[in-house]
Structure formats: structure tokens, C-alpha cells
Amino acid sequence: MSPGKVLQPAVKMKVDELFLCWLSQPATQLTLKDCLRRIKNKEKTEFNADSGSSKNESFTSKNSNSKQCLLGDTRLPLSFSPPQLSTTLPLATPASSRNSSNVRATRRSSGTKEVQTKKEETLPPSHSQNIPTFYFPRGCPKEKVNIDAVIAKIEKTFSEFPNERATLEDMGKVAKACECPLYWKGPLFYCAGGERTGYVSVHKFVAMWRKVLQTCYDDAAKFVHLLMNPGCNYLVQEDFIPFLQLFELNILFHVSSFIFFLQVIQRIFYTVNRSWSGKITCNELRKSNFLQNVALLEEEPDINQLTEYFSYEHFYVIYCKFWELDTDHDLYIDRKDLARHNDYAISNRMIERIFSGAVTRGRKAQKDGKISYADFVWFLISEEDKKTPTSIEYWFRCMDLDGDGALSMYELEYFYEEQCQKLENMAIEPLPFEDCLCQMLDLVKPQHEGKITLHDLKRCKLTNVFFDTFFNIEKYLDHEQKDQFSMLRDGEGETQEVSDWEKYAAEEYDILVAEEAASDQWNDG
1 MSPGKVLQPA VKMKVDELFL CWLSQPATQL TLKDCLRRIK NKEKTEFNAD
51 SGSSKNESFT SKNSNSKQCL LGDTRLPLSF SPPQLSTTLP LATPASSRNS
101 SNVRATRRSS GTKEVQTKKE ETLPPSHSQN IPTFYFPRGC PKEKVNIDAV
151 IAKIEKTFSE FPNERATLED MGKVAKACEC PLYWKGPLFY CAGGERTGYV
201 SVHKFVAMWR KVLQTCYDDA AKFVHLLMNP GCNYLVQEDF IPFLQLFELN
251 ILFHVSSFIF FLQVIQRIFY TVNRSWSGKI TCNELRKSNF LQNVALLEEE
301 PDINQLTEYF SYEHFYVIYC KFWELDTDHD LYIDRKDLAR HNDYAISNRM
351 IERIFSGAVT RGRKAQKDGK ISYADFVWFL ISEEDKKTPT SIEYWFRCMD
401 LDGDGALSMY ELEYFYEEQC QKLENMAIEP LPFEDCLCQM LDLVKPQHEG
451 KITLHDLKRC KLTNVFFDTF FNIEKYLDHE QKDQFSMLRD GEGETQEVSD
501 WEKYAAEEYD ILVAEEAASD QWNDG
């Protein structure tokens with residue numbers, strides 16, 4: 001605490017607490033009682049602040065007698081009642097000015113002077129001043145960044161345009177002058193106000209980009225700043241539309257480009273938004289590989305090679321699967337529609353959980369009993385690849401009926417009952433739940449007995465086997481026919497070059513293209 005400062009609130013509270021503790025002591029109360037009595041009788045009393053007792057011998061003896069009386073007679077109160085206290089206060093009774101000044105002089109004891117002296121003592125400087133900054137929400141500042149040189153390069157680029165104004169088509173060169181990937185040209189254009197006028201002047205753009213360079217120190221912070229709404233520090237789904245509108249798409253299958261953009265946005269949030277908040281922060285974007293994939297768009301001529309976010313083949317597979325279920329083609333499906341997926345492979349109890357709102361946004365699933373195309377994208381990717389962190393969280397949310405963060409034996413039995421019924425309808429004898437439970441516990445190896453947590457499943461290498469056992473009858477039978485040792489060997493592999501989702505999408509795309517080619521030949525014939 002620096003010199004001259006008063007006590008901080010926390011210290012003052014502690015001092016008040018100690019004072020009340022001292023005041024509540026029986027000896028203190030007896031001393032104050034005799035002191036007030038002497039003041040009332042106009043007797044002179046001198047105090048010692050260190051001992052808290054009177055130097056007057058008669059007062060000391062009376063105080064000692066009062067203590068003995070208190071300890072020997074339990075009928076005496078330990079404290080004074082409010083009326084008795086009010087009659088003994090010096091300011092409440094008519095007293096002479098001489099007596100009043102004497103009271104004030106009595107209060108000015110040596111102990112008080114010592115306390116004032118302690119307040120004036122200088123304390124060593126706070127150690128927090130020596131701790132370097134370690135939290136950089138907008139990126140760690142770089143020491144050698146010549147902002148003026150970057151601005152001069154941008155001004156030189158603008159000088160090549162008529163009236164030093166850049167249109168949306170010209171923003172590719174401006175993006176390169178800003179040392180940004182080519183597909184940042186849309187966010188740069190709209191952030192500088194080009195949407196209102198159709199062009200961006202050099203002065204507006206330089207002012208905007210100078211502010212970005214002064215406040216954002218890495219690509220993630222710059223990208224969020226360019227796309228976010230004013231007053232926000234995160235990105236929502238609608239913020240990505242200006243970024244995606246500049247994609248040069250070759251729509252081969254006569255579908256709206258908006259549906260493609262919608263799917264790309266869902267895949268971005270599926271992979272990047274690890275908090276499930278619907279808001280992508282700088283930190284989440286920084287930890288993902290999304291910006292690296294955006295930079296690859298400029299180098300990779302075939303967009304289908306970028307399978308994590310932008311693959312058009314993956315879009316075609318998801319859209320065709322949804323089209324088969326959406327009989328009225330209103331881009332919404334209900335429980336019966338989703339149940340028909342993969343020939344009724346998903347259990348009805350799991351379908352109910354999906355429509356309960358556990359893994360869907362908004363209240364349309366609970367209110368109207370329908371999920372959108374965006375929700376179906378999350379469902380299909382999670383269904384076909386149950387090894388990714390997001391898919392594990394997706395199915396864990398569905399199976400956690402009470403939302404306590406752990407799968408109990410009751411919840412596992414609840415989903416396994418329907419699997420047994422399906423097996424019996426197929427004339428297959430199901431494995432008793434107790435035996436199945438032993439197998440799953442050996443598979444997952446939970447840290448705590450009697451429950452399986454999300455952390456346990458993320459450590460497991462065969463989460464797809466675990467989930468399929470409880471709600472996907474077709475895949476459950478496939479796992480039962482495979483060699484257990486081969487599954488363990490595949491699950492314990494260090495890395496998979498091709499994910500389960502990529503394998504599924506490639507196979508389904510080939511099937512869809514072959515079916516369409518056969519249909520065209522039939523129509524031509």
C-alpha cells in the first residue's frame with residue numbers, strides 16, 4: 001500500500017471485526033461500564049491504551065470487584081441493555097464544556113498516536129508491477145511491425161485504381177497488399193464500408209486497416225475483427241455469409257448456392273466452435289485450422305480436396321441424404337422422416353433425444369417437432385464419424401438423460417432395451433445387459449465406478465463401437481461380426497489419414513454419381 005493511502009475495504013473489514021471481538025469481551029464491557037459511571041459522576045480517570053485498564057487505583061480495585069461479581073453471580077448480564085447504555089453516554093447528558101473537553105483529551109491516548117504512526121509507514125512496492133503481461137486476447141504484439149510501410153504499400157495499390165477507389169473485384173490486389181489471403185477480400189471490402197457505396201476509397205480503407213494493425217496482432221484477431229458485428233468480440237453464423245459469397249461455385253446439381261453456404265457454415269461451427277456456444281471467439285479460431293484452409297483455397301484449384309470445410313462433394317452427399325428424407329422439400333424433417341435414415345437403423349429413443357433439444361439450436365425442434373437442414377448436417381457427420389471430439393460430445397449429450405455430466409447404468413440400460421427388442425424381432429438372441437455392460441466397461445475403462453464421463457469416452461479409441469451398441473442396430477451387428485483384435489488394432493493406430501466421415505462421403509458420392517449416370521442413360525435410351 002503506497003504512502004498516504006487509506007485502508008483498503010478488505011483491511012477495514014478485518015479491523016472492524018477485531019474491534020467488535022474486543023468490544024464483546026466481558027472484561028472490556030466491565031471496564032467501559034465503570035468508565036461511563038465515573039464520567040457521569042464527573043470523576044477524573046486516566047487510561048493506559050496498552051493495557052486498556054485505568055491507572056487510578058480505586059478504579060482498578062472496583063474493576064476487579066466487578067469481575068468477581070460477574071463470575072460469581074450469573075444473574076448479571078454480560079452486556080448493557082440499550083436504555084442503560086443511552087443514559088450513560090456523555091453526549092446524551094447535560095455536561096459542562098470543561099467535562100466534554102476532558103473526555104476528548106482522554107480519548108487522545110498514546111495508543112492512538114501509535115496507530116497513526118503505523119498508517120504513515122511506507123510499504124514495499126507491489127510485486128505485481130514486475131509480472132510481465134501474459135494474456136493477449138487479440139494476439140501477442142509483434143516487436144518489428146512497420147505499420148507505415150504497410151500503409152504505403154496499400155496506398156500504392158489504390159493509386160492504380162480510378163479515383164483511388166477499389167471495387168469488390170479489385171479487392172484481391174488490396175488483400176495481397178495487406179499481406180492477407182486472397183479470400184479475405186470480401187471481409188476487407190465490407191468492413192471498410194464498401195457495401196453501402198459499391199466501392200472503397202483509399203482514405204477509408206487506410207483508416208480502417210491502420211486501426212486493425214494497431215489493435216489486432218495475429219490472423220485470428222484480424223479475421224474476427226473484419227467479420228464481427230460492432231460491439232462484439234466473436235462471430236455468429238450470419239457473419240460468415242459475406243465471406244462465402246465470393247466463392248466461385250460451379251453448381252452442377254441445380255441447387256441453391258445458399259444451401260451450400262449454410263452447410264459450410266455448419267461445418268465451420270462443428271469443427272471450430274468447441275464450446276457449443278454458437279459464438280466463435282479468437283481463441284477458438286486460433287486453435288483450429290480454419291484459417292489455414294482459407295489460405296489453401298487460393299492454392300488448391302479443386303475445392304473438393306479441402307474436405308474439412310469446403311468440399312462440394314461432401315455437400316452433395318449430405319444434401320441428397322436430406323432430400324430423400326424431406327418428402328415435402330421444405331428443408332425441415334420430423335421424427336418419422338429422420339427415423340427412415342439408413343433403413344430405420346437409429347433407435348426411436350435416440351430419435352426422441354435428438355428432437356428434445358439436447359443437440360439442436362432454437363426451439364423449433366421442441367415446439368414444432370422438426371429439425372432444419374443445419375441440424376441434419378450435425379447429425380449426419382456425427383452419425384458417420386463417432387471418433388471426433390464434437391461427435392463424442394453430440395452423442396454424449398443425447399445419452400445423458402438427466403444432464404448430470406455422466407452416463408449411469410440406468411441410462412445405458414434405457415437405450416439398450418430397444419436394441420434388444422430389435423434383435424428379437426430379427427430372430428437374434430440379444431446379449432444380456434449385464435454381459436453387455438461388462439464388455440462396454442472393459443472397452444471404455446472409466447475412472448470412476450458406476451458411471452462413464454465424457455472424459456472417459458474421449459480417452460477411448462473405440463467410441464464408435466460404444467455408441468453403436470446402444471442406438472444403431474445395423475452398425476452394432478457389423479461390429480459383432482468383426483474380429484475384436486482387428487478393431488482394437490485399428491483404434492489404437494496413431495493417426496488416421498482418412499477419417500470415417502471422409503470414407504463415407506467418398507463412397508456415397510461415387511454411388512450417387514453412378515446412379516445419376518445410369519438414370520441419364522435410361523432416359524436417353
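For the sequence shown, position 99 matches number 99 in the UniProt record's numbering, and the numbering has no gaps at all. Where is the CB? At the ideal position from N, CA and C, for every residue including glycine.
Neighbour-count burial assignment, residue i, 16 or more Cβ in a 10 Å radius
| i | result |
| --- | --- |
| A221 | buried |
| F134 | exposed |
| C140 | exposed |
| G278 | exposed |
| C232 | exposed |
| H341 | buried |
| P162 | exposed |
| residue 527 | Any answer about residue 527 is impossible in this case: the structure gives the chain only from 1 up to 525. |
| D34 | buried |
| M228 | buried |
| T215 | exposed |
| V465 | buried |
| L285 | buried |
| A105 | Low confidence applies to A105: its pLDDT is 42, below 50, so where it sits in the model is not reliable enough to give any reading. |
| D468 | buried |
| C21 | exposed |
| C438 | exposed |
Rounded distance between the beta-carbons of residue j and residue i, thought under 8 Å
| i | j | result |
| --- | --- | --- |
| G186 | Q245 | 6 Å |
| Y270 | T390 | 6 Å |
| V377 | I318 | 6 Å |
| I241 | F261 | 6 Å |
| D330 | D337 | Rounded, the Cβ-Cβ distance is 11 Å, inconsistent with contact. |
| I452 | L407 | 4 Å |
Delimiting residues of the alpha helix (DSSP H) encompassing residue i
| i | result |
| --- | --- |
| L182 | L182 -> no alpha helix (DSSP H), and no H or E assigned at all. |
| K287 | C282 to K287 |
| V444 | F433 to V444 |
| D478 | I473 to Q481 |
| C35 | P26 to K40 |
| I154 | I147 to F158 |
| R196 | G194 to T197 |
| D219 | D219 to L227 |
| K211 | V202 to T215 |
| I131 | Element bounds for I131: n/a, residue is neither H nor E. |
| T390 | P389 to M399 |
Terminal residues of the beta strand (DSSP E) in which residue i lies
| i | result |
| --- | --- |
| K332 | The sequence given here has Tyr at residue 332, not Lys. Unbroken beta strand (DSSP E) run through Y332: Y332 to D334. |
| L407 | A406 to S408 |
| K364 | K364 -> not in any beta strand (DSSP E); alpha helix (DSSP H) instead, spanning K364 to K367. |
| K451 | K451 to T453 |
| K370 | K370 to S372 |
Residue i and residue j closer than 8 Å at C-beta
| i | j | result |
| --- | --- | --- |
| I154 | A175 | no |
| M350 | C398 | yes |
| V444 | L454 | no |
| G369 | R363 | no |
| Y416 | C436 | yes |
| D500 | E384 | yes |
| Y183 | E313 | no |
| Q237 | I259 | no |
| C191 | M171 | no |
| Q419 | Y344 | no |
| P181 | V272 | no |
| Y316 | L188 | no |
| K387 | W395 | no |
| I268 | F247 | no |
| F355 | A339 | no |
| F470 | I346 | no |
Next item on the list: Mind the definition here: the segment 290 to 309 touches the segment 425 to 437 only if three or more C-beta pairs lie below 8 Å; say whether that holds.
Entry: no
Item checked: Inter-stretch contact (C-beta, 8 Å, three-pair minimum) for the segment 197 to 207 and the segment 165 to 175 -> yes
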